[in-house]
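Residue numbers (the working numbering): 1 to 338.
Ideal Cβ positions, reconstructed from N, Cα and C, are used throughout, including at glycine.
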Amino acid sequence: MKGYNFAIVGATGMVGRKFAEVLGERHVPVKSVRLFASNRSAGSTLDCLGSPCVVQELTKSNVRAMKGKIDFALFSAGAGVSEEYAPLFADIGAIVIDNSSFWRMHEDVPLVVPEVNPEAAFTHRGIIANPNCSTIQAVVALKPLHDRFRLKRVVYSTYQAVSGAGMQGFYDLRDGVSGAPPKKFPKPIAFNILPHIDVFLADGYTKEERKMIDETRKILGLPALPVTATAARVPVFFGHSESINAEFEKPCTLQEVRQCLSSFEGLTLADDPERGIYPTPLSAAGKDDVFVGRVRLDDSVPSGVNLWVVADNIRKGAATNAVQIAELLIKKDAEDAK
Ligand code: A2P
């Protein structure tokens, strides 16, 4: 089988490290991996697919030197780096799969969750955006219900892990439990909850909440869907949890909802409260599926459903989703070559 050359930009970060791990676990046909990060970690060595690999500084000349030698560039180094370097990697012939928010809402950049809108991946012009972590798990749960009952309105409330803010977010919780002041978050996160993820916008929403609203509409192809969100950071290391309240056009029964959820690829129904079965961040951590439980009809509206949705934000919410996008393109490449 043909092998592919990968670059990982932000290779020393929380998601960057996971890219390499997931590529190995999923047996993606990798021929080579080049690691890029800032000058702070240039020259350091990381284990990559079982071999030591030296981290290179991300500079324009280092990227240009790779012309024609990178098939896929997986990015997770922040919006500024993606803005500057994603077009450069596309120019040297790579397909960029970008985990930052920078390109997500650009009209000619597809925003892809492979279980939900795989066809969008094939419309790329060199850059594909990986959605916001909370949005990925939400749309995996909503898609089968939308296909059957037609979404009318969505209300999100999130409980998001500190690892979503990268290594520094992780350290703020780890060190905060023994009283260290936060460096990444605006207030202590240990023994606390912050209704504040990313910056506040003029309308009082946070940028994280706005991302969930806009990206849900784009991925589901429903630009006018009424969606609202409240996003909170909680003292959990890995795994985002969400309460989702969804209203539908068509009537639904609890049995139909459960059947729809349990038969959708990438979604695991973990819903048997009498036996203590419902998803939690700890039970989802380290797994690639999205888990849904506490499924209930919302009888305050004609056709409504309440869901509790949990996923590992570094895996399905970031690295796994990006690798799955690469797998879609690799599969298409193999089919085209036949
Ligand atoms: P570095 O470790 O050299 O700072 P996280 O999201 O976990 O905080 O990780 C961010 C990732 O993005 C790290 O790999 C970090 O590298 C990388 N990064 C941050 N700024 C830059 C930059 N200006 N150029 C290249 N990589 C960067």
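If you check the beta carbons only, do residue 127 and residue 87 fall under 9 Å apart?
Yes, the Cβ-Cβ distance between residue 127 and residue 87 is below 9 Å.
C-alpha gap between residue 295 and residue 94, whole angstroms:
Spanning the two alpha carbons is a distance of roughly 42 Å.
Is it buried or exposed, residue 97, if we count other Cβ atoms within 10 angstroms and call 16 or more buried?
Taking a 10 Å sphere around the C-beta of residue 97, we find 16 or more other C-beta atoms and assign the residue as buried.
Residue 36 CB to nearest heavy atom of ligand 1 below 8 Å
Indeed, a heavy atom of ligand 1 lies less than 8 Å from the Cβ.
Proximal residues to residue 164 (C-beta, below 7 Å), its chain only, five neighbours per side dropped:
So the list reads 133, 240 and 313, once near-sequence residues are dropped.
Stretch-stretch touch, CB-based, cutoff 8 Å, three pairs: the stretch 258-267 with the stretch 192-211
No, the stretch 258-267 is not in contact with the stretch 192-211.
Indicate whether residue 113 and residue 124 have their beta-carbon atoms separated by less than 9 Å.
Residue 113 places its beta carbon 9 Å or farther from that of residue 124.
So who's on the other strand from residue 205, going by DSSP bridges?
BP columns for residue 205 are empty, so no partner.
Should residue 39 be listed as close to ligand 1, given that the test is whether its C-beta is under 8 Å from any heavy atom?
Under cutoff, so the answer is yes.
Closest by C-alpha distance to residue 329, when choosing among 73, 63, 248 and 18
The option with the nearest alpha carbon to residue 329 is 73.
Nearest neighbour of residue 146, chosen from 304, 318 and 331 [CA to CA]
Minimum Cα-Cα distance from residue 146 among the listed residues 304, 318 and 331 corresponds to 304.
To which residues does DSSP link residue 268 through a beta bridge?
For residue 268, the pairing in a beta bridge is given by DSSP as 291.
Would you check whether ligand 1 has a heavy atom nearer than 8 Å to the C-beta of residue 42?
Distances from the CB of residue 42 to the heavy atoms of ligand 1 include at least one below 8 Å.
Have a look at 317, 336 and 41 and flag the residue whose alpha-carbon is nearest the alpha-carbon of residue 101.
Cα-wise, what sits closest to residue 101 is 317.
Assuming residue 23 contacts residue 38 (C-beta within less than 8 Å), just tell me the rounded distance between them.
Not really, about 22 Å apart at Cβ, beyond 8 Å.
Output needed for residue 215: all residues of its chain with C-beta closer than 7 Å, excluding positions within five of it in sequence on either side, in chain order.
Within the same chain, residue 215 has close Cβ partners 104, 111, 131, 132 and 135.
In whole angstroms, what is the alpha-carbon distance linking residue 15 and residue 175?
If I take the Cα positions, the gap works out to 20 Å.
Contiguous beta strand (DSSP E) assignments of at least 3 residues, all confined to the stretch 130-160
Runs found: 151-160.
Residue 142 burial status per 10 Å Cβ neighbour count (16 or more: buried):
Taking a 10 Å sphere around the C-beta of residue 142, we find 16 or more other C-beta atoms and assign the residue as buried.
Compute the minimum distance between the beta carbon of residue 243 and the heavy atoms of ligand 1, and state whether it is under 8 Å.
For residue 243, the Cβ stays outside the 8 Å cut-off from all heavy atoms of ligand 1.
So, is residue 254 buried or exposed, given that buried needs 16 or more other C-beta atoms within 10 angstroms?
With fewer than 16 Cβ atoms within 10 Å of its Cβ, residue 254 is classed as exposed.
Using the Cα positions of residue 183 and residue 4, report the straight-line distance between them to the nearest angstrom.
A straight-line Cα-Cα distance of about 39 Å links residue 183 and residue 4.
Give me the Cα-Cα distance between residue 249 and residue 280, rounded to the nearest whole angstrom.
Answer to the nearest angstrom: the Cα atoms are 30 Å apart.
Excluding five sequence neighbours on each side, which residues of the same chain lie with their C-beta closer than 6 Å to the C-beta of residue 236?
Its chain contains 161 and 281 as the residues whose beta carbon lies nearer than 6 Å to that of residue 236, once the 5 sequence neighbours on both sides are disregarded; these appear in chain order.
Between which two residues does the alpha helix (DSSP H) containing residue 85 stretch?
Going by DSSP, residue 85 is part of the alpha helix (DSSP H) stretching over 79-91.
Any idea if residue 246 is buried or exposed, counting beta-carbon neighbours within 10 angstroms, 16 or more meaning buried?
Result: buried.
Alpha carbons only, please: which of 20, 10 and 28 is nearest the one belonging to residue 327?
For the set 20, 10 and 28, the Cα lying nearest the Cα of residue 327 is the one of 28.
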